[in-house]
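Okay, structure first, notes after.
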Amino acid sequence: EADIYQTPRYLVIGTGKKITLECSQTMGHDKMYWYQQDPGMELHLIHYSYGVNSTEKGDLSSESTVSRIRTEHFPLTLESARPSHTSQYLCASRGQGHNSPLHFGNGTRLTVT
Amino acid sequence: GQQLNQSPQSMFIQEGEDVSMNCTSSSIFNTWLWYKQDPGEGPVLLIALYKAGELTSNGRLTAQFGITRKDSFLNISASIPSDVGIYFCAGPTNNAGNMLTFGGGTRLMVKP
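Quick note, the sequences are listed as chains A and B, same order. Just so you know, we're using my numbering here: the first sequence kicks off at 1477 and counts up by one. Just so you know, we're using my numbering here: the second sequence kicks off at 43 and counts up by one.
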């Protein structure tokens, strides 16, 4: 069973608020990812990191930012939330090796009113 | 970028029936992965395929890596209510295999 945790599970906030979605993994994985998923839809990569101090933007443009100061921690921040940011955000990690699988957290469902 | 097309988009079946879904791509993949996502949860890896023609089982699930390397199939035998969820195929976006692209998913509903 994968040890990757996301908090909060659910978040409802007002427009303009700054928020940080937390993601931590205890597996020592170098590679971590953030996906955005609308309900029942496909996953879109918005950020990824190959290790400490490494962050890159994914395929889907996002107004969020990420940081990777520690291996186990990969938080995502929205400086000023808007209703268009309403979605589910999924964090994932994987270990070394070309064939190592992607492990997902349970996601944060964000609603911006 | 690479796109994965899954079909069908949704299925509503009777408990006990067998299920078959597939995933196709316009480009070659070296790895095919099948994930299941339960409502309100993150996707969980079901089966990983690494070789063209490979047939791999995980309990009642069987997946095949197409010979052309442009498609993959997932079969579920004797479906049960807990099979309900969304099934995603995925493959590496780049040669290093560091990023995955996901299909649009097949939503499975099982009637008891």
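Cβ coordinates follow ideal geometry from the N, Cα and C atoms, glycine included. Since the structure is predicted, the reported quantities are computational estimates derived from the model, not experimental observations.
{"Check": "Is the region 122-130 of chain B in contact with the region 1568-1584 of chain A, if contact means three or more CB pairs nearer than 8 Å?", "Outcome": "no"}
{"Check": "So Gly1583(A) contacts chain B; which residues on that side make the cut at Cβ distance below 8 Å?", "Outcome": "Gly82, Glu83 and Gly84"}
{"Check": "Around the C-beta of Val1528(A), are 16 or more other C-beta atoms found within 10 angstroms, so that it is buried, or is it exposed?", "Outcome": "exposed"}
{"Check": "What residues in its chain sit with their C-beta under 6 Å from that of Glu1555(A), if we drop five residues either side in the sequence?", "Outcome": "Lys1494"}
{"Check": "Any residues in the region 1552-1584 of chain A with a beta carbon nearer than 7 Å to a beta carbon of chain B? Which ones, in chain order?", "Outcome": "Leu1566, His1574, Asn1575, Pro1577, Leu1578, Phe1580, Gly1581, Asn1582 and Gly1583"}
{"Check": "Excluding the 5 residues preceding and the 5 following Asp1479(A) in the sequence, name in chain order all residues of the same chain whose CB lies nearer than 7 Å to its CB.", "Outcome": "Gln1501, Thr1502 and Met1503"}
{"Check": "Run through DSSP, which three-state label would Pro154(B) get?", "Outcome": "coil"}
{"Check": "I'd like the span of the beta strand (DSSP E) that includes Asp113(B), first residue to last.", "Outcome": "Asp113 to Ile118"}
{"Check": "Buried or exposed for Arg1558(A), going by 16 or more other Cβ atoms inside 10 Å?", "Outcome": "exposed"}
{"Check": "Within 8 Å (strictly less), CB to CB, does Gly146(B) reach chain A?", "Outcome": "yes"}
{"Check": "Put His1505(A) into one of helix, strand or coil per three-state DSSP.", "Outcome": "coil"}
{"Check": "Cutting at 7 Å between CB atoms, please list the residues of its own chain near Tyr1565(A), excluding the five before and the five after it.", "Outcome": "Leu1497, Trp1510, Gln1512, Leu1552, Gly1583, Thr1584 and Leu1586"}
{"Check": "Can the beta-carbon of Leu97(B) be found closer than 8 Å to that of Cys131(B)?", "Outcome": "no"}
{"Check": "Using a beta-carbon distance below 8 Å, is Asn140(B) in contact with chain A?", "Outcome": "yes"}
{"Check": "Is any heavy atom of the ligand COA found at a distance shorter than 7 Å from the C-beta of Ser1569(A)?", "Outcome": "Questions concerning the ligand COA fall outside what the structure shown contains, since it holds no ligand whatsoever."}
{"Check": "Along chain B, in chain order, which residues have C-beta atoms closer than 8 Å to that of Tyr1524(A)?", "Outcome": "Asn140 and Met141"}
{"Check": "Compile a chain-ordered list of the residues in the region 1491-1515 of chain A whose CB is closer than 7 Å to at least one CB of chain B.", "Outcome": "Lys1507"}
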